[in-house]
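Read through the structure below, which is laid out as C-alpha cells, and then see the notes.
Numbering (full-length UniProt numbering), first residue to last: 1 to 558.
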C-alpha cells in the first residue's frame, strides 16, 4: 500500500484486495479530490488498519473510507466495523457486486453504513462523484470530529495533568502530550507565554491556550456539548455509564425527547475497562472505551442529547415536573428522570495514598497510564473483574503485575474466565490475604508497604505504579431527603419499597411503584446505583432499557 505521510489534508482511504480495482478507485478519487484530500489505498483490511492506527496517533483526520465487500481474511464489513472504532465520524462506503446487495443493505444497520456502491461505477461523474461529494460535505459540516493538533503540556507526576489526559482520552478527543521539562514542551510553553509553574497548558487547534483548565472549559473549547438545547424534556438521564447509555438509546429511539447528563465522560467505570470478554455479542471481547463510544454514537444518532462536564447536585419535585439542578445553579426540567450514576471507587485509607494520587497512585485509569508502565513493576489492589482486566492488559508491557487482594483467592469475586487468564500469565502474580498499609515517595510513588493478614508480617516493596479498584460507593448524598436509599446509600426501588403490600411513606398515587421506580413517582433508578442490582455491564444496559419502558407507562398514566 502507499504509506500515509503526515499532511494537513484529511484523507480518503480505499481498500480493495484486487490491485486493478484498487488502482482504479484511487485514480478516480485522486482526479477529483486530490487537491484537497490525501488519497490512500490499501489492498487488505489488515494493512489499512495499520495505516489508520499510525494516522490516529499523529492526529491525522480521515474523511471517508471506501472498502470492498469481498476480501480474504477480513471482509469489508468486518474492516469497516474496526475502522469505525478508530475514526467514528469518517463516512463509510461499501463497494459491492450486484449479487451482494442484500449483505450491503444489512450492513447499513450493522456498521452504520453511509452508502454502498455497485461495481463497476463507470462513469464516475454519474455514479461515484455525486455520492462522495455528499459524504465529504456531511463530514466537513459535522461538529463531532475532534479538534486536530490539540497539544497538552504537563508534568509527568502532576495529578491534574493526568486527569486532563484521561478526560481527553475517554471523550475520544485527539491530542498530543508533551513533557514540560523536555525541549519541545519548553518551546510550546515559551510560545504560550508560560513559565511552567501552572500546568497543564492545553493549546487548542485555533491557537488559544488554556492554563489549568477545568473539564468544562476543555469540553467547550474542544467541541463537546456542555449545555442542553431545550429547557424541558420527556426524559433526563443522570449518568453516562452502561445503564445511562442504554436508557438514552432506547428513550431516543422510541421518540422521547431525551437528554443524558454526564459529568466526565460516557462509559462510567466500564468505559475504563481494557477488555470486556463476557458481554453478549462480542466473542473476541471489546474494550470499555469502544463499547461506550459505539453506544454514544447510537444514542446521538437517534436524537438523544449527550451533555458532558455538567455535575448534577440536586433533584427536586416541582408539581408534575422533575428538576435536576447543576453545580453552577442552572436547572433542567423533565417529565421523568432516570438515575444511572453508577458507583465510584472507594478511597483507600492507607497513609500516603491521598498525597500520591495522580503521582503514581491511580483509581482505575489503567488504560490511560498503560504506556508509562512499560518495563515497570505494577501493583493492583482489588479482586473484582475491573482489577483482573487491568492486570491482564498491563501485563503486556509491564515487567511484572502483582494483584493484592484481602480474600483468600480471586475466585470469590472475579469471573472464572479472568481467573484462568491470570493463572496462565507468567507476568502476573496474586498475593492473597494481603493489603496495602502505606505508600511512600518523594513527589511520586516509590515504595508500597504491604501486610499479610494471615501472618501479620509486613514488607516494603519498590514500585512506581499502584492502581486501586476497591469497593463501590454510590455517591448519592445529593439525593438525601428526595428518594429512599438503603444503609449503604444505594437507591431503593420497586418491590423493595413495598412493605406488607403498602407503598412507602409519602407515596401520593393509588398504584404501587413500578419495578425500577423510586419512592418518588416518575423518578427511576437503573444499574449499579440501584440497591440489590447485579453489578454487571449487561444487566445495567438491560435495566436502562427496562426503565424506559416504565417511563412510557408513567407518562401514559402517571
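Note that CB positions come from ideal geometry on N, CA and C, so glycine has one too.
All figures in this text were calculated on a predicted structure; none of them were measured in a lab.
Residue 151: first and last residue of the uninterrupted alpha helix (DSSP H) it sits in: Sequence index remark: in the chain shown, residue 151 carries index 151 (1-based). Residue 151 -> not in any alpha helix (DSSP H); beta strand (DSSP E) instead, spanning 151-154.
Nearest candidate by alpha-carbon position, reference residue 468, set 287, 389 and 506: As a position in the chain shown, residue 468 is number 468, starting the count at 1. Closest by alpha carbon: 389.
Contact belief for residue 404 with residue 357 at Cβ below 8 Å, rounded distance in angstroms: Position 404 of the chain shown, counting from 1, holds the residue named residue 404. Position 357 of the chain shown, counting from 1, holds the residue named residue 357. Wrong, their Cβ atoms sit about 17 Å apart, outside the cutoff.
Sequence-distant residues of the same chain with beta carbon closer than 8 Å to residue 546, five excluded per side: By one-based count along the chain shown, residue 546 stands at place 546. 515, 516 and 526, listed in sequence order.
Pairwise C-alpha distance: residue 326 and residue 149: Taking the first residue of the chain shown as position 1, residue 149 is located at position 149. Taking the first residue of the chain shown as position 1, residue 326 is located at position 326. So the two alpha carbons sit approximately 32 Å from each other.
Start and end residues, alpha helix (DSSP H) containing residue 385: As a working note, residue 385 is residue 385 in the chain shown. Run containing residue 385: 385-394, per the alpha helix (DSSP H) assignment.
Nearest candidate by alpha-carbon position, reference residue 15, set 80, 363 and 56: Here residue 15 corresponds to residue number 15 of the chain shown, with the count starting at 1. Checking every option, the nearest Cα to that of residue 15 belongs to 80.
Contact under 8 Å by Cβ, residue 135 with residue 119: Indexing the chain shown from 1 puts residue 135 at position 135. Indexing the chain shown from 1 puts residue 119 at position 119. Against a cut-off of 8 Å, the Cβ pair of residue 119 and residue 135 comes out as no contact.
From 157, 219 and 93, residue whose alpha carbon lies closest to that of residue 65: For the purposes of this step, residue 65 is taken as the residue at position 65 of the chain shown. Among 157, 219 and 93, the Cα nearest to that of residue 65 is on 93.
Three-state secondary structure assigned by DSSP to residue 422: On the chain shown, position 422 is the one that residue 422 refers to. Reduced to three states, the DSSP call for residue 422 is helix.
Host beta strand (DSSP E) of residue 335 (start-end): Position 335 of the chain shown holds residue 335. Start and end: 331-339.
Buried or exposed by the 16-neighbour rule on C-beta atoms within 10 Å, applied to residue 87: The residue you call residue 87 lines up with position 87 of the chain shown. By the 10 Å Cβ count, residue 87 comes out buried.
Those residues which DSSP pairs with residue 344 across a bridge: Taking the first residue of the chain shown as position 1, residue 344 is located at position 344. Paired residue(s): 473.
Residues that DSSP places opposite residue 530 in a beta bridge: The residue you call residue 530 lines up with position 530 of the chain shown. Note: residue 530 sits in a beta bridge opposite 491.
Inter-residue spacing [alpha-carbon to alpha-carbon] between residue 485 and residue 237: Position 485 of the chain shown, counted from the start, is the residue given in the question as residue 485. Position 237 of the chain shown, counted from the start, is the residue given in the question as residue 237. Roughly 19 Å between the two C-alpha positions.
Local Cβ density within 10 Å of residue 453, reported as buried at 16 or more and exposed below that: Taking the chain shown and counting its residues from 1, one reaches residue 453 at position 453. Counting Cβ neighbours within 10 Å, residue 453 comes out exposed, since fewer than 16 surround it.
Straight-line Cα distance separating residue 324 from residue 314: Residue 314 sits at position 314 when you count from the first residue of the chain shown. Residue 324 sits at position 324 when you count from the first residue of the chain shown. Each residue's alpha carbon lies about 6 Å from the other.
Counted within 10 angstroms of its Cβ, other Cβ atoms place residue 233 as buried (16 or more) or exposed: On the chain shown, position 233 is the one that residue 233 refers to. Residue 233 should be labelled buried.
Contacts around residue 126, its chain only, beta-carbon distance under 6 Å, and the 5 residues preceding and following it disregarded: Numbered from 1 along the chain shown, position 126 holds the residue referred to as residue 126. Answer for residue 126: no residue qualifies.
Under 8 Å between C-beta atoms of residue 55 and residue 11: Residue mapping note: residue 55 aligns to position 55 of the chain shown, counting from 1. Residue mapping note: residue 11 aligns to position 11 of the chain shown, counting from 1. A contact, by the Cβ cut-off of 8 Å.
Pairwise C-alpha distance: residue 504 and residue 278: In the chain shown, counting from the first residue as 1, residue 278 sits at position 278. In the chain shown, counting from the first residue as 1, residue 504 sits at position 504. Answer to the nearest angstrom: the Cα atoms are 37 Å apart.
Residue burial classification, residue 29 (beta-carbon count within 10 angstroms, cutoff 16): Translated into the one-based positions of the chain shown, residue 29 becomes position 29. Under this definition residue 29 is a buried residue.
Selection from 463, 85 and 72 that minimises the alpha carbon distance to residue 376: Position 376 of the chain shown, counted from the first residue, corresponds to residue 376. Checked all of 463, 85 and 72; the closest Cα to residue 376 is 463.
Length of the line joining the Cα atoms of residue 261 and residue 550: Here residue 261 refers to the residue found at position 261 of the chain shown. Here residue 550 refers to the residue found at position 550 of the chain shown. Their backbone Cα atoms lie some 20 Å apart in a straight line.
Contact check, residue 239 vs residue 268, beta carbons under 8 Å: Position 239 of the chain shown holds residue 239. Position 268 of the chain shown holds residue 268. Yes, the pair counts as a contact, with Cβ atoms nearer than the cut-off.
Counted within 10 angstroms of its Cβ, other Cβ atoms place residue 386 as buried (16 or more) or exposed: The sequence position of residue 386 within the chain shown is 386, counting from 1. By the 10 Å Cβ count, residue 386 comes out buried.
Backbone CA spacing between residue 424 and residue 399 [nearest angstrom]: Here residue 424 corresponds to residue number 424 of the chain shown, with the count starting at 1. Here residue 399 corresponds to residue number 399 of the chain shown, with the count starting at 1. Approximately 16 Å, taken between the alpha carbons.
Nearest-angstrom Cα separation, counted from residue 501 out to residue 338: Start at 1 with the first residue of the chain shown, and residue 338 comes out as number 338. Start at 1 with the first residue of the chain shown, and residue 501 comes out as number 501. Their backbone Cα atoms lie some 25 Å apart in a straight line.
First through last residue of the alpha helix (DSSP H) which encompasses residue 507: Here residue 507 corresponds to residue number 507 of the chain shown, with the count starting at 1. Unbroken run through residue 507: none, as it is neither H nor E.
Residue 408 classed as buried or exposed, judged by whether at least 16 other C-beta atoms fall within 10 angstroms: Translated into the one-based positions of the chain shown, residue 408 becomes position 408. So residue 408 counts as exposed.
Cβ neighbours of residue 393 in the same chain (closer than 8 Å, five flanking residues each side left out): If you number the chain shown from 1, residue 393 lands on position 393. The residues are 274, 275, 366, 367 and 370.
Beta strand (DSSP E) segment containing residue 66, residue limits: Working through the chain shown from its first residue, we reach residue 66 at position 66. Unbroken beta strand (DSSP E) run through residue 66: 62-68.
Neighbourhood of residue 459 by C-beta distance below 6 Å, restricted to the same chain and skipping five residues each side: Position 459 of the chain shown, counting from 1, holds the residue named residue 459. Once the five neighbours on either side are set aside, the close Cβ partners of residue 459 are 450.
Given 8 Å, three or more beta-carbon pairs between the segment 344-359 and the segment 200-214: no
Own chain residues within Cβ distance below 6 Å of residue 258, not counting five before or after: Numbered from 1 along the chain shown, position 258 holds the residue referred to as residue 258. Only 235, 248, 251, 252 and 304 meet the Cβ criterion.
Burial state of residue 518 (16 or more Cβ within 10 Å): Taking the first residue of the chain shown as 1, we reach residue 518 at position 518. It is buried - the Cβ of residue 518 has at least 16 other Cβ atoms within 10 Å.
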